[in-house]
Structure formats: structure tokens, C-alpha cells
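Protein chains: 2
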Amino acid sequence: MIREIAELTIKPGSDAAFQAAVAQAVPHFQSAKGCQSMKLEKVLERPDTYRLMVLWDTLEAHTVDFRDSQGFADWRALAGPFFAAPPNVYHTEVVVEGF
Amino acid sequence: MIREIAELTIKPGSDAAFQAAVAQAVPHFQSAKGCQSMKLEKVLERPDTYRLMVLWDTLEAHTVDFRDSQGFADWRALAGPFFAAPPNVYHTEVVVEGF
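Going down the list, the protein sequences come from chains A and B.
Under my numbering, the residues of the first sequence are numbered 1 to 99, in order.
Under my numbering, the residues of the second sequence are numbered 100 to 198, in order.
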């Protein structure tokens, strides 16, 4: 399992509309091949700053299958207009399971 | 529920020893008041770069209760020697539940 973390900064004053757009985009992730879960999280320490957290079966499920799909285009059409800068995206995998 | 994300960069070549130290520190989080889960994740795109992901009942469970505890001192004694720079720590909360 791979976690996508997308660091998103949005235009000031657009929190409510942005969150509504992301909620509307949930089905595009739900129908994506290899997508296990998706949540939008707000950073407490900095305004206008979010983390999109998506769990994928594999790295390629995100970077190849999803990014080449209509669902990705639809997601970006909904959320993209609120971005103040290009998203910074990286991926992680668990190395110490903890609890 | 609050997610702590600690951005950790470690000294080159110390991955195995660092991961072992974090595994050894798991009980200090398990016994922390208000701590729901803890995992160490490795960033795929950059060497020596990790994310410690911890879920807390409240922000204060981390920033007040844990940071004032012996468990925090014990965690830092185990993991701190591997840090190449001070950790960058922030917190998030879910605003769109997704799935």
C-alpha cells in the first residue's frame, strides 16, 4: 500500500468552496482502479493549506492509471481553480507498522 | 481526531538503525494518553526522508501531554541521534471524509 500526500495551497478566502469541490470529486477517486481511500485534511498551523491523503494499491495505480484517466481530469477541473500554486505531491510507504 | 505529521530527515546510511530505533520506541507512543496510532513511513521520492504519522485524540494530547512526558524524552533519546535536522512537525484534521 502506498500513500499519496498532495500538499495543496489554495487561494485565500476559498476554503468553503474548495472543500465543497473536493467533496464533489470523491466519486472520481472511488471509481479509480487501485484506490483504497481518500480524505482531505486541513493543516492547523497554516491558513489555506491542505493535505490530500490517498491510499493506493501501488505507486503506478496513482502515477500511471489515475493520472491518465478521465477521473483525474475531472478531479483537477473541480479542485484546480482553487489552487494558489501547483500541488507538491509525494508518496510514502509504511516501514514501521507501530499500532 | 488530529494527525501529527513529523517530517524527518536522517543522516545518510542510517536507515536500518533508524527504523530499528523507531520500532523500539513504539511502546512510548502506545502508553501515551490520547494516542490512537503511530506509524513510520518512508518517502519514496527522496532518500533519508521519513514521515512519522501519529493520530491523537486532541492537539493538546500531543503538544502538551506527550511533549511534557517521559515517553517523549525516551522517544527522542532513541530517534534523535539519527536526525540530520530538527523535525518539522505540523498537524491536520479531516475536513472531507471521502471514503
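Just so it is clear, CB atoms sit at the ideal spot from N, CA and C, and this is done for glycine as well.
Local Cβ density within 10 Å of residue i, reported as buried at 16 or more and exposed below that
i                 : result
Gly179 of chain B : exposed
Phe198 of chain B : exposed
Glu97 of chain A  : exposed
Glu41 of chain A  : buried
Ala17 of chain A  : exposed
Ala131 of chain B : buried
Arg145 of chain B : exposed
Own chain residues within Cβ distance below 7 Å of residue i, not counting five before or after
i                 : result
Ala120 of chain B : Leu177, Ala178, Phe181
Lys138 of chain B : Met152
Thr157 of chain B : Ile101, Gly133
Thr191 of chain B : Arg102, Ile104
Nonlocal neighbours in the same chain, by C-beta distance under 6 Å from residue i, ignoring five residues either side
i                 : result
Trp174 of chain B : Ala124, His127
Val95 of chain A  : none
Thr9 of chain A   : Asp48, Thr49, Ala84, Ala85
Ala136 of chain B : Looking at the sequence shown, residue 136 of chain B is not Ala but Ser. Closer than 6 Å at Cβ, skipping near neighbours: Leu154.
Pro186 of chain B : Ala105, Leu107
Proximal residues to residue i (C-beta, below 8 Å), its chain only, five neighbours per side dropped
i                 : result
Arg67 of chain A  : none
Val89 of chain A  : Glu4, Ile5, Ala6, Glu7
Val142 of chain B : Thr148, Tyr149, Arg150
Between the region 103-114 of chain B and the region 61-76 of chain A, can you find at least three pairs of beta-carbon atoms closer than 8 Å?
No contact exists between the region 61-76 of chain A and the region 103-114 of chain B.
Requested in this report: Spell out a yes or no on whether the region 122-139 of chain B and the region 167-175 of chain B are touching, meaning 3 or more CB-CB pairs, one atom from each, closer than 8 Å.
Outcome: Output reads yes: the region 167-175 of chain B touches the region 122-139 of chain B.
- Query: What residue ranges within the region 1-65 of chain A form continuous alpha helix (DSSP H) runs of no fewer than 4 residues, ordered along the chain?
  - Reply: Considered as a whole, the region 1-65 of chain A harbours 15-30 as its complete alpha helix (DSSP H) runs of no fewer than 4 residues, in chain order.
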